[in-house]
Amino acid sequence: MQDKPHHSKYGVDSLPLKQTISSFYVLLKLYWTKKESLICWIYLGLILLLTGGSVYIATRINTWYKEFWDTIQNYDVDGFFHQLSIFAILATIHVVVSVYNSFLRSKMAIEWRRYMTDVMVRKWLEKGSYYKMQLTDSKTDNPDQRIAEDLNLFVGNTIALLLGVGTDMAMLVSFSVVLWGLSQSVDLTVFGGYVITLPDGYLFYLAAIYAILGTIVTFILGKPLVRLNFRQQRYEADFRFSLIRLRESADSIALYKGESEENETLKDRFAILVKNYIQLINCTKRLGFLTLGYAQTAVIFPILIAAPIYFAKLITMGTIMQITSAFGRVHDSLSTLIMNFNALASWKSVIDRLSLFATSMDKAAALECIEVKTHDKNEVVIDSLCVKSVDERVLIDNLSLNLAGGDRLLIKGQSGCGKSTLMRTIAGIWPYATGSVAMTEHNDVLFLSQKPYLPQGSLRQCLYYPRPSAFDDDLIKEYLTKLKLDHLIDRLDSTEQWSHILSLGEMQRVAFIRALLNRPKVLFLDEASSALDEDLEALCYSLLIETLPQSIIISVGHRSSLEILHNKKLQLDNCKAVITNI
Numbered sequence: 001m002q003d004k005p006h007h008s009k010y011g012v013d014s015l016p017l018k019q020t021i022s023s024f025y026v027l028l029k030l031y032w033t034k035k036e037s038l039i040c041w042i043y044l045g046l047i048l049l050l051t052g053g054s055v056y057i058a059t060r061i062n063t064w065y066k067e068f069w070d071t072i073q074n075y076d077v078d079g080f081f082h083q084l085s086i087f088a089i090l091a092t093i094h095v096v097v098s099v100y101n102s103f104l105r106s107k108m109a110i111e112w113r114r115y116m117t118d119v120m121v122r123k124w125l126e127k128g129s130y131y132k133m134q135l136t137d138s139k140t141d142n143p144d145q146r147i148a149e150d151l152n153l154f155v156g157n158t159i160a161l162l163l164g165v166g167t168d169m170a171m172l173v174s175f176s177v178v179l180w181g182l183s184q185s186v187d188l189t190v191f192g193g194y195v196i197t198l199p200d201g202y203l204f205y206l207a208a209i210y211a212i213l214g215t216i217v218t219f220i221l222g223k224p225l226v227r228l229n230f231r232q233q234r235y236e237a238d239f240r241f242s243l244i245r246l247r248e249s250a251d252s253i254a255l256y257k258g259e260s261e262e263n264e265t266l267k268d269r270f271a272i273l274v275k276n277y278i279q280l281i282n283c284t285k286r287l288g289f290l291t292l293g294y295a296q297t298a299v300i301f302p303i304l305i306a307a308p309i310y311f312a313k314l315i316t317m318g319t320i321m322q323i324t325s326a327f328g329r330v331h332d333s334l335s336t337l338i339m340n341f342n343a344l345a346s347w348k349s350v351i352d353r354l355s356l357f358a359t360s361m362d363k364a365a366a367l368e369c370i371e372v373k374t375h376d377k378n379e380v381v382i383d384s385l386c387v388k389s390v391d392e393r394v395l396i397d398n399l400s401l402n403l404a405g406g407d408r409l410l411i412k413g414q415s416g417c418g419k420s421t422l423m424r425t426i427a428g429i430w431p432y433a434t435g436s437v438a439m440t441e442h443n444d445v446l447f448l449s450q451k452p453y454l455p456q457g458s459l460r461q462c463l464y465y466p467r468p469s470a471f472d473d474d475l476i477k478e479y480l481t482k483l484k485l486d487h488l489i490d491r492l493d494s495t496e497q498w499s500h501i502l503s504l505g506e507m508q509r510v511a512f513i514r515a516l517l518n519r520p521k522v523l524f525l526d527e528a529s530s531a532l533d534e535d536l537e538a539l540c541y542s543l544l545i546e547t548l549p550q551s552i553i554i555s556v557g558h559r560s561s562l563e564i565l566h567n568k569k570l571q572l573d574n575c576k577a578v579i580t581n582i
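For the sequence shown, full-length UniProt numbering begins at 1 and goes up steadily by one.
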């Protein structure tokens with residue numbers, strides 16, 4: 001039985017550890033089992049070679065500590081300068097190896113992220129998942145953050161943590177051998193004449209016990225960080241989304257004088273963010289006392305345990321410094337969990353969010369929409385179409401319709417009766433419907449919505465969208481002039497945020513020009529002229545009829561003035577559809 005996510009008042013918090021591990025494996029396979037990962041396998045091989053070099057240099061520097069401090073103890077001036085020259089060579093090699101190690105890690109990260117981003121974006125867009133997710137899953141928050149931020153964190157943290165652990169394990173093995181060799185069995189006489197026998201490897205045992213105890217306590221104190229990090233990422237994204245939404249809806253909010261309400265909404269969202277952040281920093285504070293205290297104690301601890309054999313004149317000053325260095329390496333390697341607990345908690349949160357996002361995309365993609373069949377005929381054929389709402393309420397029952405080239409159908413009905421949903425069903429993006437739809441090829445079909453989508457880029461690109469074709473400038477200027485947008489002619493190649501600059505009426509006329517330029521065989525207009533006055537609306541439709549005489553036009557609208565511009569009407573009422581000629 002699959003483990004279920006942990007829930008809180010605010011939704012999903014995190015996945016059980018077992019499921020996180022399984023999700024991590026799935027995310028790894030997305031890239032590392034594909035042929036595109038070959039370059040990163042090469043990078044990884046080079047990184048492992050460099051890591052081996054780093055470990056060797058570290059053990060050589062450990063030996064240098066003994067030689068250097070013995071030279072100091074013996075007042076050997078020539079030996080002192082000789083040891084400095086050795087250190088200069090070792091340090092130079094260490095710098096070169098470390099820089100290339102970091103460089104290759106960064107190269108590997110960007111290649112991995114590039115592929116993962118491409119896969120996730122494609123998966124999000126294919127089969128209309130990005131649209132269906134809004135209908136099916138309210139818990140998957142901020143898909144933009146999942147793709148842009150979490151993928152970056154996942155790749156970066158995975159490389160840093162796994163290669164870091166690999167390096168630590170290599171250091172652990174190498175310096176455990178060193179530490180074991182420095183802690184041979186010895187008899188010590190302590191106060192009162194008692195003799196204590198220290199066993200072989202006692203320094204290693206003490207380092208292991210010290211690190212394991214610290215790890216256990218850290219895990220207990222730091223466990224809440226996983227949940228709090230998960231929430232913090234979501235609350236930060238929710239707050240940012242609210243700010244973006246305010247910016248995008250600035251005109252409407254200003255007209256409603258809704259500043260106070262928006263301010264309260266932002267304050268509420270930020271208050272949730274702050275409350276969780278305070279819990280997060282309090283937990284981090286408690287963990288900080290442990291980790292910093294633990295780290296400080298680790299500085300003196302090896303000296304304390306080596307001091308008795310030093311004062312017994314069994315080892316030199318150089319040896320005690322070598323012991324301190326080796327103990328520190330073993331202790332650091334065994335203390336990976338303590339030193340990286342915050343990063344591990346954040347990493348788990350990222351994996352959980354990406355896993356939930358991927359699951360949500362899979363569920364959305366599994367929702368089958370009506371397959372819109374294509375044919376060579378210039379007609380739209382709808383047969384036995386039944387359209388339902390998200391909650392399975394029937395909106396339109398058993399609709400059959402046949403439209404030929406030149407037909408112009410007006411769909412009317414009360415608000416909420418399913419007019420726009422019918423358009424989405426015919427477009428093949430609404431998953432709650434049965435029946436069949438057939439029309440011309442997708443490239444010859446165009447949908448215009450009430451609020452047109454204007455892509456980022458120049459005004460010319462907005463007019464061409466969604467097909468970046470080259471149209472005659474004279475024709476573009478002619479249409480702009482006819483639809484009273486001639487003031488935009490000089491700005492055709494200006495790159496602006498056009499969805500913020502143009503009024504809704506101007507955007508709707510830009511969309512009409514888009515239809516005139518693309519010349520679709522089937523054109524859907526979902527209240528596409530709602531912001532225009534009746535004269536401008538009539539002008540736009542007349543231009544469409546004149547330019548596209550054989551195109552099928554299907555409109556949704558409320559105005560009675562639209563009827564004269566169409567030759568058929570579909571009236572929706574109480575799940576029934578009545579078709580009449582006008």
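Built from N, CA and C at the ideal position, the CB exists for glycine as well.
{"Item": "Please state if the CB of A170 and the CB of T51 are separated by a distance shorter than 8 Å.", "Value": "yes"}
{"Item": "Distance check for S174 and Q73, CA to CA, integer angstroms please.", "Value": "27 Å"}
{"Item": "Pair every Cβ in the stretch 308-316 with every Cβ in the stretch 332-341, then say whether three or more of these pairs are closer than 8 Å.", "Value": "no"}
{"Item": "Is G505 near E527, with beta carbons less than 8 Å apart?", "Value": "no"}
{"Item": "Do you know whose CA, among L28, I212, L203 and N276, lies nearest F230's CA?", "Value": "N276"}
{"Item": "Please report how far the alpha carbon of residue 583 lies from the alpha carbon of N282, in whole angstroms.", "Value": "For the chain, the structure presents residues 1 to 582; residue 583 sits outside this window and is missing."}
{"Item": "Measure from the alpha carbon of I47 to the alpha carbon of each residue in L172, A160 and I382, then state which is nearest.", "Value": "A160"}
{"Item": "Quick check on this structure: which residue in I351, D474, T440 and T495 has the alpha carbon closest to the alpha carbon of D486?", "Value": "D474"}
{"Item": "Can you tell me whether Q83 is buried or exposed, with buried defined as 16 or more other CB within 10 angstroms of its CB?", "Value": "buried"}
{"Item": "Quick one: grab the DSSP three-state call for E67.", "Value": "helix"}
{"Item": "Based on the DSSP secondary-structure assignment, which residues constitute the bridge partners of C386?", "Value": "T434"}
{"Item": "Does the structure place the stretch 559-578 close enough to the stretch 379-396 that three or more beta carbon pairs sit under 8 Å?", "Value": "yes"}
{"Item": "If contacts are defined as beta-carbon pairs under 8 Å, then Y43 and M108 qualify, I think. What distance do you get, rounded to the angstrom?", "Value": "4 Å"}
{"Item": "Quick check on the DSSP output: the alpha helix (DSSP H) that includes I216 runs from which residue to which?", "Value": "Y202 to G222"}
{"Item": "Alpha carbon to alpha carbon, how far is R114 from Q461?", "Value": "26 Å"}
{"Item": "With a 10 Å radius around its C-beta and 16 neighbouring C-beta atoms as the bar for buried, classify D376 as buried or exposed.", "Value": "exposed"}
{"Item": "Evaluate residue 583 with the Cβ neighbour count: other Cβ atoms within 10 Å of its Cβ, from every protein chain shown; 16 or more gives buried, anything less gives exposed.", "Value": "With the chain covering only 1 through 582, there is no way to say anything about residue 583."}
{"Item": "Could you say which of Y479, W69 and L15 lies nearest to residue 596 if we only look at CA atoms?", "Value": "With the chain running from 1 to 582 in the structure shown, residue 596 is simply not present."}
{"Item": "What's the C-alpha gap between L562 and V372?", "Value": "27 Å"}
{"Item": "So what's K29 in DSSP terms, helix, strand or just coil?", "Value": "helix"}
{"Item": "What residues are listed by DSSP as bridge partners for S54?", "Value": "Bridge partners of S54: none, in fact."}
{"Item": "What first and last residue would you give for the alpha helix (DSSP H) that runs through S174?", "Value": "L151 to L182"}
{"Item": "Which of the three DSSP states is assigned to E496 in this structure?", "Value": "strand"}
{"Item": "Could you tell me which uninterrupted alpha helix (DSSP H) segments, each at least 4 residues in length, are contained entirely in the stretch 494-559, listed from first to last along the chain?", "Value": "498-501, 504-518 and 534-547"}
{"Item": "Less than 8 Å between C-beta atoms, sequence neighbours within five positions excluded: which residues of the same chain meet that for E259?", "Value": "I253"}
{"Item": "I think A511 touches L448, with their Cβ atoms under 8 Å apart; what is that distance to the nearest whole Å?", "Value": "5 Å"}
{"Item": "What's the call for W41, buried or exposed, on a 16-neighbour Cβ count within 10 Å?", "Value": "exposed"}
{"Item": "Relative to the C-alpha of G413, which residue among T481, R559, I305 and Y56 is closest?", "Value": "R559"}
{"Item": "Which of the three DSSP states, helix, strand or coil, is assigned to S379?", "Value": "Before going on, a small fix: residue 379 reads as Glu here, not Ser. Strand at E379."}
{"Item": "I need the boundaries of the alpha helix (DSSP H) containing D397, first residue and last residue.", "Value": "D397 -> not in any alpha helix (DSSP H); beta strand (DSSP E) instead, spanning V394 to A404."}
{"Item": "Alpha carbons only, please: which of R105, T319, L246 and R146 is nearest the one belonging to Q184?", "Value": "T319"}
{"Item": "On the DSSP letters alone, give me the boundaries of the beta strand (DSSP E) that N567 sits inside.", "Value": "Per DSSP, N567 belongs to no beta strand (DSSP E) and is neither H nor E."}
{"Item": "Looking only at its chain, what residues have a beta carbon closer than 8 Å to the beta carbon of N443, apart from the 5 residues adjacent to it on each side?", "Value": "R467"}
{"Item": "I think I272 touches Y235, with their Cβ atoms under 8 Å apart; what is that distance to the nearest whole Å?", "Value": "6 Å"}
{"Item": "Check whether the Cβ atoms of L446 and A531 lie closer than 8 Å to each other.", "Value": "no"}
{"Item": "Measure how close the beta-carbons of T136 and L367 come, nearest whole angstrom, since I'm counting them as under 8 Å.", "Value": "7 Å"}
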